[in-house]
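Numbering (the numbering used here), first residue to last: 1 to 596.
Each residue gets a CB set at the ideal place from its N, CA and C atoms; glycine is no exception.
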Ligand SMILES: Nc1ncnc2c1ncn2[C@@H]1O[C@H](COP(=O)(O)OP(=O)(O)O)[C@@H](O)[C@H]1O
Ligand SMILES: [Mg+2]
């Protein structure tokens, strides 16, 4: 079954790819290597402390108890044991602090890096990558990288050290008993291999089902109005039950896989103890080992099994982290396709669209074909045409939110592709149909356009579009909080904030995608006035829906099916009797012409 949720697209990597990903992670983590090495040194100390415990115990038994009478040996052993425990504890604590510091520092820099990189991408990137998926990259994938860097590495090193130290200590205590204990190792290794395979499959299955469950849940909530309108609740409930059932089954299955394994390892541990004690007893009667040595080896072997279990679980962590990392790297490797060019755009000039064709990255069909228009310096051009004709797309191309697939767009003779992004964003400003408002005050929202603008600059921008009075009437004036997405402002007021942003930049070319939403008559007037003052003295391209806007344009371009089908003044186009004149007739019949 294939998941549709963002979380479930767990593509497994083969060993070679996983290695590459890990190597790259190591390179990225280089700035933190000193902290990591210090943490690992503390790990070594605390592991050594853990392994020395049984050794001291055996030594105390063989030298302080079985040959009775020497209380000095026991006392020394107890003191040494206590000191060792404290040192091991302090070392373990230090190790956790350091590894967390390194890990969190690494995550912080990674998040910033990915976020910066995403922000640099063109709109085409966001057409290809859904925002939900990008958020998942920034959260769950970054988290799983943190898991790998912090706990993965630490567990790996401490498990390896523990196994190594314990085996060396056991061999030094009694090589015969160590070999006897090792007899169960093939069983454990075989079981671990199988566990890795099974649990990995079970883990992927759980992740997939979580993704399914989430997307069912999300659809059920987001679509609740439609669901209720058509009384589809039972169907939704059935779907949700089903996906919950699958999630439950996969969880139960994954638990079954691991309990089976842990039980087996436990049993193998008991078996090893029995073998060591049995053979140890026989060796003891022959005088080859002492009681304390047997106890030391038994305790050391008991310590061995946990790290072996950890190592096999770690395999899963590494697998899923590598998959997550691979996706993050995929983002980091995406070069922004709207790149900075070398040339400054001139202060003014004509905007020339030359034989432009365009298709969106996600689709095959051409949205624009062979469009050529020259917009003279200071000219006001209105773009009209049916919905889906490509007007908004052409407007976006003119501001280089996308690059054309064919042809070129130049301003003052400079290809937009060769322009510096700084000069481009200064010369050409696009006001979208729905301006996005961020949390913060009205003034903050205008300042999006120019970060260093003072309050006076913001007021001047509002004043320039004749909207200052409107915002001064708010309880805190321009310092009023807009609330989430500007819910406090009306549609018209939000539009005014958008226009003030543009006024703050004071661009040579203004590209407007006129809002179609119905503004209330009071706001409509003030928005229209604001538009008028903003357009004065600038080259303006406006995707127009209102007859009043169209009539005030110098020229009108009619877009249909991605082509420029008519271009001329209102009078020319009306007398030509083509598509525009039909449109104008329809308008004249349906709308009262403002001011007429
Ligand atoms: N981000 C996008 N990705 C893919 N196709 C798009 C995207 N935006 C618009 N389109 C398609 O491009 C065509 C033109 O859209 P648009 O320029 O918005 O038309 P208009 O503004 O004239 O209504 C439509 O068929 C639309 O479905
Ligand atoms: Mg549009």
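Buried versus exposed call for residue i [16 or more other C-beta atoms within 10 Å across all chains shown]
i, result
"residue 475", "exposed"
"residue 185", "exposed"
"residue 248", "exposed"
"residue 228", "exposed"
"residue 173", "buried"
"residue 243", "buried"
"residue 267", "exposed"
"residue 582", "exposed"
"residue 32", "buried"
"residue 648", "The structure shown has nothing for residue 648, since the chain only spans 1 to 596."
"residue 282", "exposed"
"residue 495", "buried"
"residue 93", "exposed"
"residue 212", "buried"
"residue 89", "exposed"
"residue 618", "Since the first and last residues shown for the chain are 1 and 596, residue 618 lies out of range."
"residue 286", "exposed"
"residue 8", "Note that residue 8 scores 37 on pLDDT, short of 50, meaning its location in the model is unreliable and no value can be drawn from it."
"residue 64", "buried"
Delimiting residues of the beta strand (DSSP E) encompassing residue i
i, result
"residue 428", "428–431"
"residue 541", "539–543"
"residue 107", "From DSSP, residue 107 is part of no beta strand (DSSP E) but of the alpha helix (DSSP H) over 71–120."
"residue 382", "380–384"
"residue 22", "No beta strand (DSSP E) contains residue 22, which is instead part of the alpha helix (DSSP H) from 15–28."
8 angstroms CB neighbourhood of residue i in its chain, flanking five on each side removed
i, result
"residue 473", "none"
"residue 448", "438 and 501"
"residue 431", "498, 499, 501, 502, 510, 511, 512 and 513"
"residue 183", "272 and 275"
"residue 362", "127 and 128"
"residue 13", "21, 319, 322, 323 and 326"
"residue 23", "none"
"residue 441", "476, 478, 479, 480, 481 and 482"
Residue span of the alpha helix (DSSP H) that contains residue i, given as start and end
i, result
"residue 295", "291–332"
"residue 623", "Nothing can be reported for residue 623, as the shown portion of the chain is limited to 1 through 596."
"residue 476", "Premise fails: residue 476 is in no alpha helix (DSSP H) and is neither H nor E."
"residue 445", "442–447"
"residue 580", "579–590"
"residue 143", "142–147"
"residue 160", "153–173"
"residue 494", "491–505"
"residue 528", "521–535"
"residue 401", "It is not in any alpha helix (DSSP H) - residue 401 carries neither H nor E in the DSSP assignment."
Identified DSSP bridge partners for residue i
i, result
"residue 209", "Paired residues: none, contrary to the question."
"residue 349", "Answer is none; residue 349 lacks a bridge partner."
"residue 563", "560"
"residue 512", "431 and 542"
"residue 204", "BP columns for residue 204 are empty, so no partner."
"residue 358", "368"
"residue 411", "351 and 414"
"residue 375", "351"
"residue 280", "Answer is none; residue 280 lacks a bridge partner."
"residue 406", "357"
"residue 286", "For residue 286, which the question treats as bridged, DSSP gives no partner whatsoever."
"residue 555", "381"
"residue 419", "343"
6 angstroms CB neighbourhood of residue i in its chain, flanking five on each side removed
i, result
"residue 332", "117"
"residue 43", "95, 157 and 158"
"residue 253", "202"
"residue 166", "51, 300, 303 and 304"
"residue 103", "146, 149 and 150"
"residue 121", "336"
"residue 419", "341, 343 and 345"
"residue 2", "With a pLDDT of only 35 at residue 2, under the threshold of 50, the placement of this residue in the model should not be trusted, and no figure is reported."
"residue 99", "39, 150 and 154"
"residue 290", "62"
"residue 554", "379 and 380"
"residue 595", "Low local confidence applies: a pLDDT of 43 at residue 595 is under 50, so the model's placement there is unreliable, with the coordinate-based value given in what follows. Counting only Cβ-Cβ distances below 6 angstroms, and skipping sequence neighbours, we find nothing."
"residue 18", "322"
"residue 382", "542, 544, 550, 553 and 556"
Sequence-distant residues of the same chain with beta carbon closer than 7 angstroms to residue i, five excluded per side
i, result
"residue 397", "356, 358, 404 and 409"
"residue 417", "341 and 403"
"residue 369", "357, 562 and 563"
"residue 425", "none"
"residue 413", "349"
Ligand 4 heavy atom lying under 7 angstroms from the CB of residue i
i, result
"residue 194", "This structure does not include ligand 4; its bound ligands are ligand 1 and ligand 2."
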